[in-house]
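*Asks:* I'd like to ask you about the structure that follows.
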Amino acid sequence: MRVLPRDRLSYGIQLPVQSQSTLYAESWEAGAGPADLVAVARAADRLGFAYVATCDHVGVPRRLAAAMGTVWYDPVATLAYLAAATERVRLLSHVAVVVLRHPLLTAKQYATLDRLSGGRLILGVGAGHVAEEFAALGVDFDRRGTLLDETVDALKAGLGPEEFWEFHGERLDVSGLGQAPRPAQLPRPPLWVGGSSPAALRRAAVRGDGWLPQGDPRDRLPELIARLRALRERAGIAEPAEIGAIAEPCYVGAPRWRVGRRTLAGPGERIAESLRAYRAMGVDQVQVRFRSRDRGELTDQMAAFAAEVAPHLTD
Numbered sequence: 000m001r002v003l004p005r006d007r008l009s010y011g012i013q014l015p016v017q018s019q020s021t022l023y024a025e026s027w028e029a030g031a032g033p034a035d036l037v038a039v040a041r042a043a044d045r046l047g048f049a050y051v052a053t054c055d056h057v058g059v060p061r062r063l064a065a066a067m068g069t070v071w072y073d074p075v076a077t078l079a080y081l082a083a084a085t086e087r088v089r090l091l092s093h094v095a096v097v098v099l100r101h102p103l104l105t106a107k108q109y110a111t112l113d114r115l116s117g118g119r120l121i122l123g124v125g126a127g128h129v130a131e132e133f134a135a136l137g138v139d140f141d142r143r144g145t146l147l148d149e150t151v152d153a154l155k156a157g158l159g160p161e162e163f164w165e166f167h168g169e170r171l172d173v174s175g176l177g178q179a180p181r182p183a184q185l186p187r188p189p190l191w192v193g194g195s196s197p198a199a200l201r202r203a204a205v206r207g208d209g210w211l212p213q214g215d216p217r218d219r220l221p222e223l224i225a226r227l228r229a230l231r232e233r234a235g236i237a238e239p240a241e242i243g244a245i246a247e248p249c250y251v252g253a254p255r256w257r258v259g260r261r262t263l264a265g266p267g268e269r270i271a272e273s274l275r276a277y278r279a280m281g282v283d284q285v286q287v288r289f290r291s292r293d294r295g296e297l298t299d300q301m302a303a304f305a306a307e308v309a310p311h312l313t314d
């Protein structure tokens, strides 16, 4: 189920504001809101970004709040809000912790989102890592991998072309219930699996249409991609998976402020050369992040990337 172009490295963006972990949020995001989200999403839509992405946490415990923050917008509500403000860009949940909700409910929400957006949904899913969320919602944290496998299978069935559910699993048994509207995409919206553990890689290979690594160093990616392809071939799946990567933070041009040692900064051709190395590994899309001091600088950086970097990402 190919979603992105084959002839070039595509690029998407995790939206600011909607997720404010101290690991990556810029200081200006704390005072930002819906208008800023819309402005960035519209810039991505206009500038050729493949997707805009949102995260998912239901609740953050006190022990993690200092690092993770507590600002995590709901992905379905946020992507639906942005669907009405954009026309072309795809809408990615990166990633939805789908085992926290019954698949019947999840399928209803995301099918509606796909229909309302004209078929722009990419459903990214992951196992989750916050035990307190699972406990509060009555879901077994220790069995989350097994539960996710079954949930993915259920969602692939529930988001398909059939109006009535017929799914029988070990934990889930849903049959005879009809849901409409159906997704706009046929046979169903693409489903990408997030995570880089052996279990997540296996899940992406045998159950997913794509893989979303979680910030693995570049030097690990070739080995992981080779393993995913081998697992997929062993499972008899001919369609190649969409392979993703999260790139280093970028700053197009010469920054006049301290952007950090790990930031890939400089002329567009230099940044493109660095990103093309991902393509050589077999990556189809990179998620880019820009250092910025306000919304205006962020959208300026996005425009500079589209004008000075993107033209050099073709094969």
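Numbering-wise, numbering that gives the first Met the number 0 puts 193 at position 194 of the sequence shown, and it's gapless, one number per residue.
In this text, a Cβ means the ideal position worked out from N, Cα and C, and glycines have one as well.
No experiment lies behind these values; they were computed from the predicted model shown.
Quick check on residue 120: does DSSP put it in helix, strand or coil?
*Replies:* Start at 1 with the first residue of the sequence shown, and residue 120 comes out as number 121. DSSP places residue 120 in strand when its eight states are reduced to three.
*Asks:* Please tell me whether residue 10 and residue 304 are closer than 9 Å, where the distance is taken between their beta carbons.
*Replies:* Residue numbering aside, residue 10 sits at position 11 when the sequence shown is read from its first letter. Residue numbering aside, residue 304 sits at position 305 when the sequence shown is read from its first letter. Yes, they are a contact pair.
*Asks:* Between the beta-carbon of residue 151 and the beta-carbon of residue 91, is there less than 9 Å?
*Replies:* Here residue 151 refers to the residue found at position 152 of the sequence shown. Here residue 91 refers to the residue found at position 92 of the sequence shown. No; because the gap between Cβ atoms is not below 9 Å, this pair is not in contact.
*Asks:* Per DSSP, residue 241 is paired with what?
*Replies:* Counting from one through the sequence shown, the residue named residue 241 turns up at place 242. DSSP lists 209 as partners of residue 241.
*Asks:* Using 8 Å for Cβ pairs, my map puts residue 53 next to residue 18. What's the rounded Cβ distance?
*Replies:* The residue you call residue 53 lines up with position 54 of the sequence shown. The residue you call residue 18 lines up with position 19 of the sequence shown. About 7 Å separates the two Cβ atoms, so the contact holds.
*Asks:* Between residue 85 and residue 40, is the Cβ-Cβ spacing less than 9 Å?
*Replies:* The count along the sequence shown starts at 1 and reaches residue 85 at position 86. The count along the sequence shown starts at 1 and reaches residue 40 at position 41. Yes, they are a contact pair.
*Asks:* Using DSSP with H/G/I as helix, E/B as strand and the rest coil, what is residue 273?
*Replies:* The residue given as residue 273 occupies position 274 in the sequence shown. Here residue 273 sits in helix by DSSP.
*Asks:* Per DSSP, what are the beta-bridge partners of residue 174 in this structure?
*Replies:* To locate residue 174, count along the sequence shown from 1; it is residue 175. Looking at the DSSP output, residue 174 sits in a beta bridge with 165.
*Asks:* From residue 182 to residue 153, what distance separates their C-alpha atoms?
*Replies:* Position 183 of the sequence shown, counted from the first residue, corresponds to residue 182. Position 154 of the sequence shown, counted from the first residue, corresponds to residue 153. Answer to the nearest angstrom: the Cα atoms are 15 Å apart.
*Asks:* Rounded to the nearest angstrom, how far is the Cβ of residue 240 from that of residue 231, given a contact under 8 Å?
*Replies:* Taking the sequence shown and counting its residues from 1, the one referred to as residue 240 is at position 241. Taking the sequence shown and counting its residues from 1, the one referred to as residue 231 is at position 232. Yes, they are in contact, since the Cβ atoms of residue 240 and residue 231 sit about 6 Å apart, within 8 Å.
*Asks:* Considering Cα atoms alone, identify which of 282, 238, 268, 194 is closest to residue 308.
*Replies:* If you number the sequence shown from 1, residue 308 lands on position 309. From the listed residues 282, 238, 268, 194, the smallest Cα separation to residue 308 is found for 268.
*Asks:* Under 9 Å between C-beta atoms, does residue 213 make it to chain B?
*Replies:* In the displayed structure, chain B is absent; only one protein chain is listed.
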